[in-house]
Amino acid sequence: MTRSELVQRLWEANRHLTRLDAEIAVTAVFDEITAALSRGDRVEVRGFGTFSVRKRDARTGRNPRTGDKIAVHEKHHPFFKTGKELHRRLQTQDTARRQVGRTRSARAMIRP
208 MTRSELVQRL WEANRHLTRL DAEIAVTAVF DEITAALSRG DRVEVRGFGT
258 FSVRKRDART GRNPRTGDKI AVHEKHHPFF KTGKELHRRL QTQDTARRQV
308 GRTRSARAMI RP
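All residue numbers for the sequence shown refer to our numbering, where the first residue is 208 and numbers rise by one.
Laid out in structure tokens, this is it:
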């Protein structure tokens, strides 16, 4: 789902808002998450997941073209861990998909 699709769905689910209001809400949420991560804070959305920043230590890398050793500086990158509710929902959907797949293959084996 893209950002514009998210805005569209939010607007369709809340027709009392204008499309611009939905866009402002989505932008505000993403901006706050970004600002918190920039400060080094953790963002926890109950049932959905947790956003945090992880540090990658400096290391010696290798240039794949020449094979020369190069220094790679310390980096920080965003990390997302799913919440229990989201994880449960994804597992339930995955199980349902596997069941449908088994049913289809079983039917194919029965047909002459």
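Virtual Cβ for every residue (Gly too), placed ideally from N, Cα, C.
Going by C-alpha distance, which of Asp238, Val233, Gln298 is nearest Arg246?
Out of Asp238, Val233, Gln298, Asp238 has the C-alpha closest to the C-alpha of Arg246.
### Task
Can you give me the Cβ contacts of Arg314 inside the same chain, cut-off strictly under 6 Å, excluding the 5 residues immediately before and after it?
Caution is warranted here: a pLDDT of 49 is assigned to Arg314, below 50, making its placement in the model unreliable, and the coordinate value is therefore given only provisionally. When the five nearest sequence neighbours on each side are left out, no beta carbon in the same chain lies closer than 6 Å to the beta carbon of Arg314.
Option in Arg216, Leu244, Ala243 with minimal Cα separation from Ala232 = Per the Cα distances, Arg216.
- Could you check what DSSP says for Phe255 in three-state terms: helix, strand or coil? Reduced to three states, the DSSP call for Phe255 is coil.
Any alpha helix (DSSP H) of 4 or more consecutive residues that is wholly inside the stretch 220 to 286
Fully enclosed alpha helix (DSSP H) runs of 4 or longer: 226 to 245.
Alpha-carbon to alpha-carbon, Phe258 and Phe287: Roughly 5 Å between the two C-alpha positions.
* Asked: Helix or strand or just coil, what does DSSP make of Thr289?
  -> Residue state, collapsed to three classes: strand.
task = Would you mind working out which of Thr299, Asn270, Arg249 sits nearest Pro284, comparing C-alpha positions?
result = Residue identity differs from the one stated: residue 284 is His in this sequence, not Pro. Nearest C-alpha to His284: Arg249.
Check: Using a Cβ-Cβ cut-off of 6 Å (strictly less than) and excluding sequence neighbours within five positions of Gly268, which residues of its own chain qualify?
Finding: For Gly268, where only same-chain residues beyond five positions count, the Cβ hits under 6 Å are Ile277, Val279.
Checklist entry - Roughly how far, in whole angstroms, is the beta-carbon of Lys262 from the beta-carbon of Glu281, given that I think they are within contact range, below 8 Å? => result Indeed, because the Cβ distance is near 7 Å, the residues count as touching under 8 Å.
For this session: For Val252, collect the residues of the same chain with a Cβ closer than 6 Å to its Cβ; drop the 5 residues on either side in sequence, then sort them by chain order.
Result: There are no such residues.
- Task: Go ahead and label Ala229 buried or exposed: buried means 16 or more other beta carbons lie within 10 angstroms of its beta carbon, across all protein chains shown.
- Result: Counting C-beta atoms within 10 angstroms of its own C-beta, Ala229 has 16 or more neighbours from the protein chains shown and is therefore classed as buried.
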